[in-house]
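Colleague: Sequential numbering of the sequence shown, starting at 106, is according to my numbering.
To start, I am sharing the structure in question, which I have written as C-alpha cells.
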Amino acid sequence: MLTKKLFTFHYQLSTINYQLLMKPLAKLIGQPLAVELLERAIAINRIAPAYLFVGAKGVGKAYGARCFAEMLMIRPEDDYGAMVQKIQAGNHPDFLWVEPTYTDKGELITISQAQEQGLKRKNAPQIRIEQIRAVSQFLARPPLKAPRSVVVIDDAELMAESAGNALLKTLEEPGRATIILIASSVDAILSTLVSRCQIIPFSRLTEDDVAYVLQRQNAGDVLQYPQLIKLAQGSPGKAMGDRTKLLEIPSDLLSRLSQLPLGAIEGFHLAKEISESLELETQLWLADYLQSVYWDKQRDMEIIESLERVKGALKSYVQPRLVWDCFYLSVLPV
106 MLTKKLFTFH
116 YQLSTINYQL
126 LMKPLAKLIG
136 QPLAVELLER
146 AIAINRIAPA
156 YLFVGAKGVG
166 KAYGARCFAE
176 MLMIRPEDDY
186 GAMVQKIQAG
196 NHPDFLWVEP
206 TYTDKGELIT
216 ISQAQEQGLK
226 RKNAPQIRIE
236 QIRAVSQFLA
246 RPPLKAPRSV
256 VVIDDAELMA
266 ESAGNALLKT
276 LEEPGRATII
286 LIASSVDAIL
296 STLVSRCQII
306 PFSRLTEDDV
316 AYVLQRQNAG
326 DVLQYPQLIK
336 LAQGSPGKAM
346 GDRTKLLEIP
356 SDLLSRLSQL
366 PLGAIEGFHL
376 AKEISESLEL
386 ETQLWLADYL
396 QSVYWDKQRD
406 MEIIESLERV
416 KGALKSYVQP
426 RLVWDCFYLS
436 VLPV
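Here it is, written out as C-alpha cells:
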C-alpha cells in the first residue's frame, strides 16, 4: 500500500513538473508562431540540432531562447526552480551563452563588460573564432546533468566569417546538443549556416502587447513617452533602451531640439551643446529620435535625409561638432 502511494506521489510530481516544463514559453508575448513551433518540437520529441531565432531586436528572441533551453534541459524529476535559476544565471554546466566581444589587452570582453568598465571602442564587437572554438570544446564532452547541452549564440549576425566557417564544422556533428543562433536578419548570416538551422520567426509586437510587456518588466513609465513607443516599432526591448538614451539628454536641451531653431547661429549653439554634452552613441540615437519628431511635425524629407547623413558621418567618426554644424547649415536659412 505504501509503495502504491509513493508511486502515485512520484507520478503526480512528475506530471506537475512536466506541466511546468511546458509553461516557460507561455510568457513569451506576441509570438504565437514561434511558441507553436517550439512547443510542437518538444511535444513530438523532434528537436533540431540547430535553430535560428530571427527577428527585430528586443522582441523576445533572447528570452525565448532561455525558455526553450529550460524545456530542453530540465527533466520531470529535476528540481524545476533550482534548474531554472542555474540556466537563467548561466551557471548550469550544460548551458553556454555566447555574445559578441571586443578585444582589450589580449582579453575578450563583452559589450556589457566594456560599458561597465567605461571602455570606448572604435571597432565593432564580433563573435570571434576563439569563442567558436570554445563552443566546440564545450560540446566535445557529453552533457553532465541535462539530457542535452544547449549553446545560444546571441547577435549571430556579428559573427566573423572565420568564426562562421568554424561553426559549420561543429554543426555537422553537434552530438547531444542543440545550438540556437539569434539574429536580426537571415541575410546577415552565412547561407551555409542558415541551411543547417530550423528558422523560428519572431515578429514585431502590437502596441497593446508592447504596453503589456513594459508593464510586466516594471517599465510602464516608458508609456509616458509616445514618441518612444512609435520609434520602437513593436520592440519592447528597444523602447526600454530608448528610454535610457532619452534620460541621458538634459531635458532643457531635448526641449529646444524638438523644434528646429529659427536661424543658423542658434543652430551652431545647439551643435556645440550636442557635441560637448552627449556621448557618440547617444548622438546617434538622437538623430534617430529627431527623424521621428521632425517627420511628425513637418513631413520634410530633406530634414530626414540630412539626419541620415548625420548618422553616417558619426558612424565614420567625423568630428561631431562639424557634423551637427553641417546639419543645421543644410536645413536652416543662413
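Just so you know, even glycine gets a beta-carbon here, dropped at the ideal spot from N, CA and C.
Cβ of Ala155 within 7 Å of Cβ of Arg309?
Modeller: No, these two residues do not count as a Cβ contact at 7 Å.
Colleague: According to DSSP, simplified to helix, strand and coil, what is Ala288?
Modeller: Looking at Ala288 - three-state DSSP - the assignment turns out to be strand.
Colleague: Could you pull the start and end residues of the beta strand (DSSP E) that Ser469 belongs to?
Modeller: A question about residue 469 goes unanswered here, because the residues of the chain that appear run from 106 up to 439.
Colleague: Quick check: what's the CA-CA separation for Asp347 versus Asp357?
Modeller: Each residue's Cα considered, the two are about 18 Å apart.
Colleague: Considering only the alpha carbon of each residue, which of Ile287, Ala282 and Gly135 lies closest to Asp441?
Modeller: Because the chain here runs from 106 to 439, residue 441 falls outside it and cannot be looked at.
Colleague: Sorted by chain position, which residues of the same chain lie with C-beta nearer than 6 Å to Ile258's C-beta, five sequence neighbours on each side aside?
Modeller: Val203 and Leu286, listed in sequence order.
Colleague: By the DSSP assignment, the beta strand (DSSP E) with Ile304 in it spans what residues?
Modeller: Note, Ile304: beta strand (DSSP E), Gln303 to Pro306.
Colleague: Is it buried or exposed for Gln236, if we count other Cβ within 10 angstroms and need 16 for buried?
Modeller: With 16 or more Cβ atoms within 10 Å of its Cβ, Gln236 is classed as buried.
Colleague: Give the DSSP bridge partners of Met406, in chain order.
Modeller: Met406 is not bridged to any residue.
Colleague: Using a Cβ-Cβ cutoff of less than 7 Å, which residues in the same chain neighbour Ser241 once the five nearest sequence positions on both sides are dropped?
Modeller: Correct list, in chain order: Thr275.
Colleague: Excluding the 5 residues preceding and the 5 following Ala261 in the sequence, name in chain order all residues of the same chain whose CB lies nearer than 7 Å to its CB.
Modeller: Around Ala261: Ile232, Leu286, Ile287, Ala288 and Ile294.
Colleague: Suppose the cutoff is 6 Å on Cβ atoms and the five residues either side in sequence are ignored; what does the same chain contact list for Val256 look like?
Modeller: The answer, listed in chain order, is Leu201, Val240 and Ile284.
Colleague: Between the segment 405-412 and the segment 375-385, do three or more beta carbon pairs fall short of 8 Å?
Modeller: Because the criterion of three Cβ pairs below 8 Å is not met, the segment 405-412 and the segment 375-385 do not touch.
Colleague: Below 8 Å, can you find three or more Cβ-Cβ pairs linking the segment 326-334 to the segment 179-189?
Modeller: The segment 326-334 is not in contact with the segment 179-189.
Colleague: Closest to Phe173 by CA distance: which of Lys128, Gly342 and Val164 is it?
Modeller: That would be Lys128, whose Cα lies nearest to the Cα of Phe173.
Colleague: Out of curiosity, what's the CA-to-CA distance linking Leu362 and Leu319?
Modeller: Distance between the alpha carbons of Leu362 and Leu319 is about 27 Å.
Colleague: Using the C-alpha atoms, what's the distance from Lys250 back to Gly163?
Modeller: Roughly 31 Å between the two C-alpha positions.
Colleague: Measure how close the beta-carbons of Leu244 and Gly280 come, nearest whole angstrom, since I'm counting them as under 8 Å.
Modeller: Confirmed, Cβ separation roughly 6 Å.
Colleague: From this set, Arg253, Arg238 and Arg246, which residue's C-alpha is nearest Ala268's C-alpha?
Modeller: Ranking Arg253, Arg238 and Arg246 by Cα distance to Ala268 puts Arg238 first.
Colleague: Compute the distance between the beta-carbons of Leu376 and Asp430, then report whether it is under 7 Å.
Modeller: The sequence shown places Ala at residue 376, not Leu. The answer is yes: Cβ separation under 7 Å.
Colleague: Using the beta-carbon count (16 or more within 10 Å), is Gly368 buried or exposed?
Modeller: The residue in question, Gly368, is exposed, as its Cβ has fewer than 16 Cβ neighbours within 10 Å.
Colleague: The alpha helix (DSSP H) that contains Thr449, what's its start and end?
Modeller: Beyond the ends of the chain as shown, which are 106 and 439, falls residue 449; an answer cannot be given.
Colleague: Taking just the CA atoms, how far does Gly211 sit from Ile147?
Modeller: Going by the C-alpha atoms only, they are around 41 Å apart.
Colleague: Comparing C-alpha positions only, which one of Ala167, Thr311 and Phe307 sits nearest to Ala139?
Modeller: For the residues Ala167, Thr311 and Phe307, the minimum Cα distance to Ala139 belongs to Phe307.
Colleague: Between the Cα of Lys335 and those of Glu144, Arg321, Ala316 and Glu353, spot the shortest distance and give me the residue it belongs to.
Modeller: If we check each option's Cα against that of Lys335, Ala316 comes out closest.
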